[in-house]
Each structure stands twice: as structure tokens, then as C-alpha cells.
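**Student:** In order, the protein sequences belong to chains D and L.
The letter at position 57 of the first sequence is residue 57 when you use the UniProt record's numbering, and the numbering goes up by one with no holes.
The letter at position 54 of the second sequence is residue 54 when you use the UniProt record's numbering, and the numbering goes up by one with no holes.
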Amino acid sequence: MSDELTLTRPAAPAAGTGEPLLEVKGLTKHFPIKGGFPIKRTVGAVQAVDGVDMSVLAGESFGLVGESGCGKSTTGRLLTRLLEPTGGTINYRGQDITHAKRKQLAPIRSEIQMIFQDPYSSLNPRQTVGKIISGPMEINGINPPGGREKRVQELLEIVGLNPEHYNRFPHEFSGGQRQRIGVARALALEPKLIVADEPVSALDVSIQAQVVNLLQQVQRDMGIAFVFIAHDLAVVRHFSQRVAVMYLGKIVEVGDRESIYNRPRHPYTHALLSAVPEAVLRDEDETEGRERIRLAGDVPSPISPPSGCRFRTRCWKAQDKCATEAPPLVQIEGNTPGHLTACHFPEEGTTGGGREVVLDPGLVAMEHRDTGSAGAAGSGKES
Amino acid sequence: MTTLTKTEGAPSPTGAGSFLSVRDLHVRFSTEDGIVKAVNNLSFEVERGKTLGIVGESGSGKSVTNLAILGLHNPRSTEITGEIVLDGQELTGASEKTMEGLRGNKMAMIFQDPLTALSPYYTIGRQIGEPFRKHTGASKREARERAIEMLEKVGIPHPKTRVDDYPHQFSGGMRQRAMIAMALVCDPDLLIADEPTTALDVTVQAQILDLLKDLQQEFGSAIIFITHDLGVIADVADDIMVMYGGRAVERGTTGEVLRAPQHPYTWGLLSSMPRLGGDVSQKLRPIEGTPPSLLNPPSGCPFHPRCEFKDKVPGGVSCAGDRPLLPEGRGAACHLTPEQKRTYFIEQIKPRLG
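(1) How far does the alpha helix (DSSP H) with residue 79/L in it extend, from its first residue to its last?
(2) Could you name the residues of chain D that residue 291/L contacts, counting a contact when the two beta carbons are closer than 9 Å?
(3) Could you tell me how far apart the beta carbons of residue 110/L and residue 179/L are, in whole angstroms, since I believe they sit closer than 8 Å?
(4) Could you give the DSSP three-state label for residue 25/L: helix, strand or coil?
(5) Return helix, strand or coil for residue 63/L, following the three-state DSSP convention.
(6) Please give me, in chain order, every unbroken run of the alpha helix (DSSP H) with length at least 4 that falls completely inside the region 208-249 of chain D.
(7) By Cβ distance, which residues of its chain are closer than 6 Å to residue 80/L, with the 5 residues on each side in sequence left out?
(8) So the beta strand (DSSP E) residue 87/D belongs to, where does it begin and stop?
(9) Using a Cβ-Cβ distance cut-off of 7 Å, determine whether residue 404/D contacts chain L.
(10) Does the beta carbon of residue 188/D sit closer than 7 Å to a beta carbon anywhere in chain L?
(11) Would residue 248/L and residue 191/L qualify as a contact pair, given that the criterion is a beta-carbon distance under 7 Å?
(12) Should residue 140/D and residue 121/D be called a contact, given that it needs their Cβ atoms to be closer than 7 Å?
(13) Quick one: is residue 232/L near chain D, going by C-beta distance under 7 Å?
(14) What does residue 159/L reach in chain D if we use C-beta pairs closer than 8 Å?
(15) Show which residues of chain D have a CB atom less than 7 Å away from the CB atom of residue 206/L.
(16) Note down, in chain order, all residues in the region 245-262 of chain D with a beta-carbon under 8 Å from any beta-carbon belonging to chain L.
(17) Report the three-state DSSP secondary structure of residue 444/D (helix, strand or coil).
(18) Just list the alpha helix (DSSP H) runs in the region 99-176 of chain D, keeping only unbroken ones of 4 residues or longer that don't cross its boundaries, in chain order.
(19) Would you say residue 363/D faces chain L, with C-beta separation under 7 Å as the test?
(20) Excluding the 5 residues flanking residue 7/D on each side, which residues of the same chain have their C-beta closer than 6 Å to its C-beta?
(21) Among 192/D, 138/D, 235/D, whose alpha-carbon lies nearest the alpha-carbon of residue 203/D?
(22) Buried or exposed, going by whether 16 or more other CB atoms sit within 10 Å of the CB of residue 317/L?
(23) Taking residue 271/D as part of the alpha helix (DSSP H), name the residues at either end of that continuous run.
(24) Along the region 200-228 of chain L, what residues have a CB closer than 9 Å to any CB found in chain D?
(25) Which runs of the beta strand (DSSP E) fall wholly inside the region 196-247 of chain L and span at least 3 residues, in chain order?
(26) Going by DSSP, which residues form a beta bridge with residue 23/D?
(27) Taking all protein chains shown into account, decide if residue 131/L is buried (16 or more other Cβ within 10 angstroms of its Cβ) or exposed.
(28) Residue 206/L: which of 41/D, 363/D, 95/D sits nearest, CA to CA?
(29) Measure from the C-beta of residue 50/D to each C-beta in chain L and report whether the shortest distance is under 7 Å.
(30) Thinking just about the alpha-carbon of each residue, which of 132/D, 42/D, 101/D, 108/D is nearest to the one in residue 94/D?
(31) Taking 7 Å as the CB-CB limit, is residue 44/D close to chain L?
(32) What does the Cβ neighbour count give for residue 254/L, buried or exposed, with the cut at 16 atoms within 10 Å?
(33) Between residue 283/L and chain D, is the shortest Cβ-Cβ distance under 7 Å, so that the two count as touching?
(34) Quick check on residue 67/D: buried or exposed, where buried means 16 or more other Cβ atoms within 10 Å of its Cβ?
(35) Step through the CB atoms of chain D and report whether any lies within less than 7 Å of the CB of residue 286/L.
(36) Using the C-alpha atoms, what's the distance from residue 221/D back to residue 320/D?
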């Protein structure tokens, strides 16, 4: 993997001030698999994150998308140092925090906060809202002017909750309100970076928008940088200025929102975008508008990922080279600066054209039967 | 509250011959906190070979309705009134034995979470073959052959060896395929899919949706597809029913509901969802407030506490007092005049959708 061509030269994003807040190089996390009797040995490793390079600028929102098991949540936990990386480096404002000890981390922890996915399990049911939100201040020994209670009430107001609810318990709130409590807790220490791990995916559609808007407002008003982890491509597009697409522990494509969503080059990004169902009905003459790509099967196991390019087992363009050589994450010809793709045989930078690629054996067989069209099972077809 | 006419929400009488017809369905649960009115005055019909999409948020009564059709509610704590007619057979009040003969045979269900819906103790093949043996009296060997055939149909590679695997040896997408195989093993005429793709990744979701569409073409079954995702509905459904607070608030064909929605709740749903092609500089427009409690539902229109158009209703009609009725066929349960619905959608809602 060529480091000099990676994310260290990001294009200036709209909201970022240009100063890199967090820089990550070759970040790796392997979870050991123990087996054997009577002495347990390490017999393998789940390669959850395998060589991720990225940087987050101050005040920008960086989106991380991918399917379940691609390592996006593990990356989030590594960034907040809730997990110890196996390899690579994490630099926060020039300080190496990759293997920093608990005591060294303490001041940095207050600047990097996290918002969790499940608003039901991430709040202690036996603590009042006031106690939950003032917890971070207590731990860090911060006494804001006017007292902690006043600060908590301010925070409750910022996130759109009634300050009088200070003494209530989490079960008295709905899912959306609980997530607001989680946001208030993350804001309590005035962080510089918030890692939000699927913050809206457990919420109902009409409530999702409320929380997304709140996060966006907080980001603009307080200039907090976000690492926004989600599997919903439309939500990530709405929230993030730069987006990275992950597949099996690696970033396969990264770039500005515009560039990733309108001119994707990696086949996997194409497949992901084409799979998003859209509530917009197209007029009859427009039906050719979107690509239809149906991959075969599921994401392979990260215990023994495919050699070379990890996407090759599900890719319709894979050739011998893909099995032997892992493609570096580089800027390919025709891409805007900062748009990096890890692919030997990149796609055209368009999402239109109404192209069909069907790799799923069940679908190929059935469509073959229906229409009598060509396309052997498993080989896919392109029209 | 207005007196409820019995025909409220009933689709056109010509639909009497339709395959599944639900009329005036009420489902109530007794709980410690009181009576939960989970479904109220619900009427709809599904034709053979068609897909009805039911959209709604959690607690809107969509799953409860379908469990009522399948007769899966606990009769001791549930009160079900109204009519559910499947192919001329009345299901409300039918004996447990009758229901048993129908479930898995004439009607089948695909559940949301394939990991909890499959038993970890039996092989996939045995679980697919079980309803087949029960309803057709087939032998073990025949059931196994049938299971292999079904696995092949839903696109599982090497079905001859995979048939003896246990659910934990399958990936999420494959488990959902196995569930579909299990639901289709007796060629059901009615298939109820309750959020079948919510637990799956988008790429796998797209495969499963295409698979369901192809299988429907082959088997000609009627499908009720429950989801909260309007994008998924746009992809699979012929007709859409939008539910809110235990009631149907809007109904029509997929084109009608998504191109020219009439109910403020449907507008809210559409404008609160970010889109791949939408304008990112524009803020999302969430529906303010939270879904209603079914223990103590709001008077009048169930949506009125969250509705931004409730002041626009003409002629002294109070949204908090009078509950609007859902007209027959295409329409929305809302007091706004048809003219208002059209102009508000075109002038105020459509620009937000980008």
C-alpha cells in the first residue's frame, strides 16, 4: 500500500478549516481467535480493520459507509481508543495516541466523544438524565461556572429537551429523545471530534430526520468535527462533506461527497449505490436512469479474506491480477483531487446508463427462464 | 367524535370477490396499563398476483394486522373483531385446527429476523421440509427432495450439501433466502412479508427484493409487504396503504401515493427521508413530535397533534374533534379539501423533495 498517495492530501472541504485534527495511517485491528484444548492458542484472527488510512479535518464531517461486518464500527472504536489497535498509528492534533496509556489519554478523551447506535442500551437505566449528562464532567473534574446542574440544563435545551426533565429517568423518554440525551452527553465536554456510530439507524423514519438535523446544527454552531458511521448511503450523503466506502476492513474509495455519489469509480461503490431503493418514481421515459447491479452472495468472512483485492470474489470485472495484487488507494485518472480509489479496473465515473449486471445465481436462473435472455448462471450479464 | 359508519374505509364493493378481504378489523390487547387499541377500523383487499405494501412507523399496527390474519395472537389477551375473508373462508373466530391447516399451506409468513425465526436445533432442510410433510403428508425423503428444490429456487449454491447445514452455518442473506424457501414450500396463495429486508445490507436487500418479485411472477401469489421504508415499497408494491396510529390514513396505487400523496403524514414521511439525488444544502423536514400512544390515542384525527396543516382545514371542521374518514378506493383520511391537498403538495411539499 503506497502511503504517499493516501489520504494525507485531502481536498479542502467546505466546512473544514484545513487543519487536520485526526490522522490515521495503516490502522489495523485483528481480533484473535482462540482454540484448542487444554491450552488455548491463537488459531487465527478476524481481520476486522486492515490498513485504513484517513484524516479528519477540524470542523468537517467525514462519513464512513459500508455493509455490516466491513469494520466501520471497529474503526470508530479504534479512533476513540475504546479498542487497542493491532497496528498503524493514530495522530490526534500531532500527538501519537495509538498506544497511549489511560492516564495520557484522559485529556484527549474529553475532546473525542462518541454517540452510540442504540439509545436504549447506551444510557444507564438507573441514573437520572442529569446524572448521565453530568457524568463526563464529574469524571474529568470540570466545574463549569454556575454549576454542573445549570450546564446540564443548558445542554438539554441545546438538544431540544425540556430542562425540567433533569431528574427523569431514561425509560420516560422515547427513542428519539433518548438519542438526544446521548447527544447532550457527548457535547458536555465541548469536544472537538465526535464519532457517531449509526446514530439514527435505530430510530423511526420521521424521528431520524430530527436527530440528523440536530447533529448538523450542533456541528455548524460549535464547529465540531464528526466521523459519521452509517450504512444508509442517503443519510451519510446528507450529513458528510467527505465520504469513505469500506469493504472487508479496507477503504476502497474515498472522496468528496459530490465525487463519490455522482462519479464513483470502484465497482463496489457502484453496486452499493445501485442497491439503494428510492422512493422517487421515475417517469416512463426515464426508466433507464439508474444502474441495476445485483451482487452474488454476501460479504466474505474477515477471518480469511480473499487474496489481492478483497472485493474480487463478488466483482464482475475481476481478472487474474486482482487475485495476486492488492490495488493501492490512489487517485486514478479522471478523478478530482482527493478522490482516491483502490481498483485495478475502475468503472466509468457515472451512475446512469441503465446498465444491468446480475451476478446472483438465483436471479440469473429465474430471469433466464422468464425472458429466455442470454447469461449463464453465475457469470452475470452486462447490457 | 363522529359516529362511525360501518362502511368506513371499505374499498369498492366490487372487491368482494378479491382473494383476501379485511373489513372493519379491530384488534385490542388488554394490558396492565389499560386496553391498547392496536388496530382500528381497518379494511383492505389484496388480489392474487398483486403486492400490497403497508407502510408505517413502529406502533402503527402493521405487524399486528398481519398476525391477526395468521391467527397468531394470544386469544386470551386479544380481542379481534371484524371480518378477515381469505378466498371465501372467514378467519376471525375460526378454530385453531382450521388455522393450523392454513398456516404454512395457503398462507405463509416471512419474518424480519431470520436468525431468531429459524430454530438453531434443526437443519435447514428439515425446517423447510416440515410444513411440506405436515400439509401434504409427504415422506421424509420427499420432503428433503422438495427442500433441495426450494433452496435451488431461492439461489443458494450447492443446495444438495447445504440442505443438511444448520442455520448458524448460513450468512444473513442466505438465512433470509432459506426463510423464503420455507414460506414458499407449499405454494402459498398469500405471502406475508414482515420487514423481510430490514435486517439485511443494501446489496443483499436488493437481491432479496428482486427474488421475491421473480418468485411472485412464477407462483402468482398475493403478497402483503410490510415495511417502514418507502423506497423498498416503491420497488415492490402495486398498491400502498399508509398506516398511522392503528388506522389506515391513505391508500392508492404505488404511482398515485408516491407521485401525488394526499395525507400530511405521507408528505411528512416523504420529506423527512434524505435522498441520493436530493439537495444536501436543504435541511431535512422531520415530522415534529412523536407517534401517538395507542393506550390513549388522540381524539379526532390521530395525526392532528403533529400535523402542520391542521389550521388550514376550512368550514369549521375541527381536526381534534372529528375523525376524518378514509374514502373508498384511492384517498386519504384528512379533512383538507381535494383542491387543498393538490395545491399544498405541489406548492409546499414537492419543492422539499428536490
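C-beta: ideal position from N, C-alpha, C; glycine also.
**Tutor:** Let's see:
(1) Per DSSP, residue 79/L belongs to no alpha helix (DSSP H); it is in the beta strand (DSSP E), 78-86.
(2) 174, 204, 206, 207
(3) 5 Å
(4) strand
(5) helix
(6) 233-239
(7) 27, 68, 92
(8) 87-92
(9) Here chain D covers residues 1 to 383 and nothing more, so residue 404/D does not appear.
(10) no
(11) no
(12) no
(13) yes
(14) The premise fails here: residue 159/L is roughly 10 Å from chain D at the closest Cβ pair, so nothing lies under 8 Å.
(15) 275, 294
(16) 257, 261
(17) The requested residue 444/D is not part of the displayed model; chain D covers only 1 to 383.
(18) 102-109, 129-139, 148-158
(19) yes
(20) Because the pLDDT at residue 7/D is just 33, under 50, the model does not fix this residue reliably, and the value given afterwards should be weighed accordingly. Excluding positions up to five away in sequence, the list reads 53, 54, 55.
(21) 235/D
(22) exposed
(23) 267-275
(24) 200, 201, 202, 203, 204, 205, 206, 207, 209, 210, 211, 214, 215, 217, 218, 228
(25) 222-227, 239-244
(26) 55/D, 91/D
(27) buried
(28) 363/D
(29) no
(30) 108/D
(31) no
(32) buried
(33) yes
(34) buried
(35) yes
(36) 51 Å
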